[in-house]
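Numbering (UniProt numbering), first residue to last: 1 to 339. Built from N, CA and C at the ideal position, the CB exists for glycine as well.
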Ligand code: NAD
Ligand code: DAU
């Protein structure tokens, strides 16, 4: 039997939350899930619509609604907290929802979790550590759970703040919490504002892919399936108070990734345009996941990036009605920023 029987999943109608819920339904049919999701532009109730209603319940609401959060936390034996404003570019245009959701929403949840002594897992990002240099004498340098926090954007600063709140609640109030910091995810159900789905759906829509700056920034890609299996392992077997980094040794620069997508879709490798760079654009992310791999029963399954990317491209091809309705708006917003 699974350790936790009633899990509250915040942000469960977003990209990673959806993949987590779908994984739990497939692998742990004895676990009941309540999803708390505000259904912002990034959340989609359709993602969960085909799941069994006796196992998954969607509550549309805000993590800042203390009364609602209190009611839901009271009934849960564990919380997995995904809900966040998650896009760096949006945080540069308007940081305020990031402050509200990422900081205050987390505060509201951990207050309720400590009130009812409920297990809490906080889903966070490698961006809290800032970036690594591109040109370095030590290309093996990666971030570890001991690396100093040094976030660059309003998004990553609010995620760093939320991590620190969770750590303080563990130490001061004995909150039964763990934290995971993970690198760039890719896979099905990712919003088309993000790099990989934006370029796939640009090509399918006859729009030229857009590369920021010189395309040399490096991201450390992990398939979303490997992220959610890591979160499950931490929830079930992680040590309270610990931080785990989840990564799959998937470092590639953006130009390399874009050319893989162009190739897979039968386009010429130069069939894209360079656009205005992101302000404060982090140069390189790289995760040392040794602690997670050696202390948990977890290994990434998608070690072949080409294969994971091919499957992702197929998903966006086969699910055009899922993203077509948002495409024009997303591109219009980018166009205003010359991106
Ligand atoms: P997403 O933007 O796709 O989904 C976020 C979800 O949260 C949406 O369903 C949205 O409706 C919901 N939400 C937003 N504000 C809310 C609020 N106030 N109350 C309730 N629900 C709210 O994000 P994602 O990419 O799935 O990321 C999920 C989490 O994982 C975030 O905490 C993010 O920081 C973290 N993370 C993401 C990545 C990545 O590569 N995408 C990597 C590491 C960590
Ligand atoms: O590292 C984990 C983080 O990864 C998560 O915490 C964030 O929630 C998630 O959005 C992601 O952040 P990034 O900013 O790295 O992801 P994004 O998909 O926005 O961009 C990836 C890279 O691609 C980045 O270097 C910027 C670049 N880019 C992005 C877009 C949208 C482009 O060159 N062109 C684009 O059109």
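Distance check for residue j and residue i, CA to CA, integer angstroms please.
i, j, result
"residue 248", "residue 132", "17 Å"
"residue 284", "residue 30", "41 Å"
"residue 268", "residue 262", "7 Å"
"residue 260", "residue 286", "20 Å"
"residue 92", "residue 213", "16 Å"
"residue 118", "residue 160", "22 Å"
"residue 50", "residue 242", "35 Å"
"residue 97", "residue 89", "13 Å"
"residue 224", "residue 300", "10 Å"
"residue 359", "residue 57", "Residue 359 is absent from the model: the chain starts at 1 and stops at 339."
"residue 149", "residue 130", "7 Å"
"residue 125", "residue 329", "27 Å"
"residue 60", "residue 10", "10 Å"
"residue 235", "residue 78", "8 Å"
"residue 250", "residue 294", "18 Å"
"residue 144", "residue 5", "32 Å"
"residue 227", "residue 169", "24 Å"
"residue 55", "residue 12", "14 Å"
"residue 335", "residue 109", "36 Å"
"residue 48", "residue 319", "15 Å"
Below 6 Å CB to CB, which residues in the same chain sit around residue i once its five sequence neighbours on both sides are set aside?
i, result
"residue 38", "62"
"residue 215", "254, 255"
"residue 188", "315"
"residue 400", "With the chain running from 1 to 339 in the structure shown, residue 400 is simply not present."
"residue 274", "211"
"residue 65", "none"
Ordered along the chain, which non-local residues of its own chain (more than five positions away) have a Cβ less than 8 Å from that of residue i?
i, result
"residue 231", "20, 80, 121, 123, 180, 246"
"residue 297", "233, 237"
"residue 2", "28, 30, 31, 236"
"residue 265", "200, 203, 204, 313"
Pull the bridge partners of residue i from the DSSP assignment, please.
i, result
"residue 210", "273"
"residue 58", "35"
"residue 287", "143"
"residue 10", "36, 81"
"residue 196", "Answer by DSSP bridge pairing: none, since residue 196 is not bridged."
"residue 132", "284"
"residue 220", "251"
I believe residue i touches residue j by the beta-carbon criterion, under 8 Å. Please report the beta-carbon distance rounded to the nearest angstrom.
i, j, result
"residue 158", "residue 99", "6 Å"
"residue 222", "residue 183", "5 Å"
"residue 34", "residue 68", "Not a contact, Cβ separation roughly 11 Å."
"residue 292", "residue 240", "About 16 Å; that fails the 8 Å criterion."
"residue 185", "residue 16", "6 Å"
"residue 333", "residue 276", "Rounded, the Cβ-Cβ distance is 14 Å, inconsistent with contact."
"residue 76", "residue 105", "That pair is no contact at about 16 Å."
"residue 343", "residue 164", "Outside the displayed span of the chain (1 to 339) sits residue 343, for which this structure offers no information."
"residue 305", "residue 252", "7 Å"
Only counting the same chain, and skipping five residues up and downstream in sequence, which positions put a Cβ closer than 7 Å to that of residue i?
i, result
"residue 201", "192, 316, 323, 327"
"residue 279", "92"
"residue 26", "none"
"residue 156", "125, 127, 128"
"residue 199", "209, 258, 261"
"residue 152", "130, 131, 280, 282"
"residue 114", "169, 173, 175"
Using a Cβ-based criterion (distance less than 6 Å to any ligand heavy atom), does residue i qualify as near the ligand GDP?
i, result
"residue 251", "The ligand content of the structure shown is limited to the ligand NAD and the ligand DAU, which means the ligand GDP is not among them."
Handout entry: Complete runs of the beta strand (DSSP E) confined to the segment 87–129 [at least 3 residues]
Key = 119–125
Handout entry: alpha helix (DSSP H) runs wholly inside the segment 222–261, at least 4 long, in chain order
Key = 224–237
Handout entry: Inside the segment 158–192 only - beta strand (DSSP E) runs reaching at least 3 residues
Key = 177–182
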